[in-house]
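>
4 protein chains.
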Amino acid sequence: MDKGQNTDNRAITIKLLQQRGVSIEDIARLVLELQKGYYPDLTCEECLDSVLRVLNKREVQNAILTGITLDMLTEKNLIDEPLASILRNDDSLYGIDEILSLSIVNVYGSIGLTNFGYLDKVKPGIIGSINDKKNSAKNRVNTFLDDIVAAIAAAASARIAHRVRAVPTDD
Amino acid sequence: MDKGQNTDNRAITIKLLQQRGVSIEDIARLVLELQKGYYPDLTCEECLDSVLRVLNKREVQNAILTGITLDMLTEKNLIDEPLASILRNDDSLYGIDEILSLSIVNVYGSIGLTNFGYLDKVKPGIIGSINDKKNSAKNRVNTFLDDIVAAIAAAASARIAHRVRAVPTDD
Amino acid sequence: MDKGQNTDNRAITIKLLQQRGVSIEDIARLVLELQKGYYPDLTCEECLDSVLRVLNKREVQNAILTGITLDMLTEKNLIDEPLASILRNDDSLYGIDEILSLSIVNVYGSIGLTNFGYLDKVKPGIIGSINDKKNSAKNRVNTFLDDIVAAIAAAASARIAHRVRAVPTDD
Amino acid sequence: MDKGQNTDNRAITIKLLQQRGVSIEDIARLVLELQKGYYPDLTCEECLDSVLRVLNKREVQNAILTGITLDMLTEKNLIDEPLASILRNDDSLYGIDEILSLSIVNVYGSIGLTNFGYLDKVKPGIIGSINDKKNSAKNRVNTFLDDIVAAIAAAASARIAHRVRAVPTDD
């Protein structure tokens, strides 16, 4: 697997998010909303760039592919009981969606945790829309999707916080 | 170390929180605020009981003792640089306070993550007071304390969510 | 969902492990192997009891159900690319199996981490057998199963370590 | 804080490890031992470079500074009871050392978890020496140090695994 392949997987990941109704611009807007209070000059382009960098990471791609796959297989009735009902109802005691999301949040360290929890609770922008769709469309399953989107936005925000302080988080 | 010792350590932990300006009733009020929307009949006594159960866990006691000790040693100028400045300024890129808190949140599973992040961001009740004190008192260090209090409240809330569904999380 | 339901889910979880070739006695033997050096009087019955207590926890059940479901859906060719190949080949850079397992290990605190890593690396007993099967049977996918079994054994060992010191980890 | 400062903190971190009896070459040897079975051409220089990259990360520096500080303050009798005894005896039920180490391991994703657990259990090379010193010298406290060294080696190994597959984990 070479560098090209990794970029290919990013393209597949972005396309999959799009199919589920989430654009990278939607996520960039969440990042701007979270960070503009701290960095008044922050632009939407910088937020979008940060989202793309997060999506370049293999750990992040794997978590997104796995979570959305579980949502889609539940919609297609390919998951057995009792897991099917747990996923279909977004059972509040099912924590695997949070665990998968944590592996996204953590790619820029634990400082993303607060923003993740906040987004997951308040559900602004696209996260609210995903949640409404889940409640309105009878057969729609977005148990993993909303947490995943919050996690990407939280990680992209943490990356900006690190960058502003000119820290080589790279490599 | 017998069961009595564990209860002793809980008493020491509660006393240490008290010394730092946080009562278990303050934490119970955060729990009630978080959960009353879901369980209208929930009482302050039940929230207090849940906080006490969380504080009975060794993993929780250890995280609290370690975090508050670091706050206090920083106040006493016993920590060397560069860590001293990082802790004194509650550097936003220092994530060890979040990591320690995560070990508290997780005692009732990952479902507490959302509430932890929310409390840490919005800083209601006692968490806001701790934060104000940090900003007003020149020599006061509460880098760990505010996250620890949010984590205890989030764990106690997760415990209530599990209990209401009559699940033997015990043992 | 009442207490009975939770016990039902434990029975379903045990049956699913059995279908994948793992008995709770196999896991109890791993626990005995890990702990007998520290507790010479430890019996196989006590280890089995500890495994059953771990399997009673909802967080554990959810991780097992989710992981094994992903293994089985991959075998049935119901997962899309590129995730299908990643799961089929147990790609060493895919870390979601470790993340799910961590949520099992952590139910008795972070002290189980060491035993989990050791079992995952050395692959004694049933874990080695799962791994051999994965390598010999062309269509067999056990990407999640081996980590899950190591995680259950590590958690059951951590529980014994807590119990011996008479600590109320319950509740 | 600029890029220079971050490199400064790395130098301080390396010096602190050295004061506690651990050189970066010692850690590089652990990495070589872990990885040479998979990559026969791997050199000690490449392992050393990977260790240095890990030590460049702020999250890693913070965990090391915090953990070693707690070891040293315990030696100096500056920690109150009951935490002092817990740290002095490296109480097997104290898990904060594992938690701090996890934040180091995770900088290159969860794939480092297995190597961390293995090193922590088998204690090869410098990790064994640290442990022996802990047991022989009456006043020596290395409760955090051994886990921290295992975690740095595990993270550096994970970094090599990612690199060999030419993945841009950077940034």
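Residue numbers (this note's numbering), protein chains in the order written: chain A, 1 to 171; chain B, 1001 to 1171; chain C, 2001 to 2171; chain D, 3001 to 3171.
Backbone N, C-alpha and C define an ideal beta-carbon position, used for all residues, glycine too.
1) Of all Cβ atoms in chain D, is any one closer than 7 angstroms to the Cβ of N9 of chain A?
2) How about C47 of chain A and L32 of chain A: are their beta carbons less than 7 angstroms apart?
3) For N1106 of chain B, go through chain F and note every residue whose CB falls closer than 7 angstroms to its CB, in chain order.
4) Counting pairs of Cβ atoms below 8 angstroms between the region 50–64 of chain A and the region 103–112 of chain A, do you hit three or more?
5) Jot down the residue ranges of each uninterrupted alpha helix (DSSP H) in the region 3041–3116 of chain D, minimum 4 residues, whole runs only, in chain order.
6) Can you name the residues of chain B whose CB is closer than 8 angstroms to the CB of T3066 of chain D?
7) Do N142 of chain A and D71 of chain A have their beta-carbon atoms positioned less than 7 angstroms apart in this structure?
8) Counting only Cβ pairs nearer than 9 angstroms, list the residues of chain C close to I130 of chain A.
9) Taking the alpha carbon of A1137 of chain B as the reference point, which residue from B:I1079, B:N1009 and B:N1089 has its own alpha carbon closest?
10) Consider the Cβ of F1144 of chain B: report whether some Cβ of chain A lies at a distance smaller than 7 angstroms.
11) How about N2097 of chain C and D2147 of chain C: are their beta carbons less than 7 angstroms apart?
12) At the level of alpha carbons, what is the spacing between L1017 of chain B and Q19 of chain A?
13) Mind listing the chain A neighbours of G3109 of chain D? Cutoff is C-beta to C-beta under 7 angstroms, in chain order.
14) Output needed for A3151 of chain D: all residues of its chain with C-beta closer than 7 angstroms, excluding positions within five of it in sequence on either side, in chain order.
15) Around the Cβ of E2081 of chain C, are there at least 16 other Cβ atoms within 10 angstroms (buried) or fewer (exposed)?
16) Please list, in chain order, all residues of the same chain as I1014 of chain B whose beta carbon is under 7 angstroms from its beta carbon, the five residues on each side excluded.
17) Could you give the DSSP three-state label for N142 of chain A: helix, strand or coil?
18) For K1121 of chain B and Y38 of chain A, which I take to be in contact (beta-carbon distance under 8 angstroms), what is that distance rounded to the nearest angstrom?
19) Give the interface partners of S103 of chain A over in chain D, defined as CB-CB distance under 7 angstroms, in chain order.
20) Are the C-beta atoms of K3121 of chain D and some chain C residue less than 7 angstroms apart?
21) Could you give the DSSP three-state label for A3158 of chain D: helix, strand or coil?
22) Would a C-beta distance cut-off of 7 angstroms place L65 of chain A and A153 of chain A closer than the cut-off?
23) Using a C-beta cutoff of 7 angstroms, does L78 of chain A count as contacting chain C?
24) In the DSSP assignment, find the unbroken alpha helix (DSSP H) run with K2134 of chain C in it and report its ends.
25) Would I3099 of chain D count as contacting chain B if we go by Cβ distances under 7 angstroms?
26) I'd like to know if L3030 of chain D contacts chain C, where contact means its C-beta is closer than 7 angstroms to some C-beta of that chain.
27) Decide if E2045 of chain C is buried, meaning its Cβ has at least 16 other Cβ atoms within 10 Å, or exposed.
28) So if I threshold CB-CB distances at 8 angstroms, which residues from the region 2041–2060 of chain C count as touching chain D?
29) Whose C-beta lies closer than 6 angstroms to the C-beta of S3085 of chain D among residues of the same chain, with five residues either side of it excluded?
30) Residues in its own chain within less than 8 angstroms of I3079 of chain D by CB, not counting five upstream and five downstream?
Checking against the coordinates, here is how it stands:
1) With 7 angstroms as the cut-off, N9 of chain A does not count as an interface residue toward chain D.
2) yes
3) Protein chains A, B, C and D are contained in the structure displayed, whereas chain F is not.
4) Between the region 50–64 of chain A and the region 103–112 of chain A, the count of Cβ pairs shorter than 8 angstroms is three or higher; the stretches touch.
5) Scanning the region 3041–3116 of chain D from its first residue to its last, the whole alpha helix (DSSP H) runs of 4-plus residues come out as 3044–3055, 3058–3075, 3083–3088 and 3096–3105.
6) L1070, L1083 and I1096
7) yes
8) Here the premise fails: no neighbours, minimum Cβ distance about 20 angstroms.
9) B:N1089
10) Not one chain A Cβ lies under 7 angstroms of F1144 of chain B.
11) The sequence shown places Asp at residue 2097 of chain C, not Asn. The answer is yes: Cβ separation under 7 angstroms.
12) 49 angstroms
13) E59
14) S3101, I3104, V3105 and F3116
15) exposed
16) I1024 and L1055
17) coil
18) Not confirmed; about 13 angstroms, so no contact.
19) The contacting residues are S3110.
20) Closer than 7 angstroms to some Cβ of chain C, the Cβ of K3121 of chain D qualifies, so yes.
21) helix
22) no
23) yes
24) It spans G2125 to S2136 - the alpha helix (DSSP H) in which K2134 of chain C sits, taken as one unbroken run.
25) yes
26) no
27) exposed
28) Residues: none.
29) Sequence-distant partners of S3085 of chain D (beyond 5 residues in either direction) whose C-beta falls short of 6 angstroms from its own C-beta are missing from its chain.
30) L3070, L3073 and L3087
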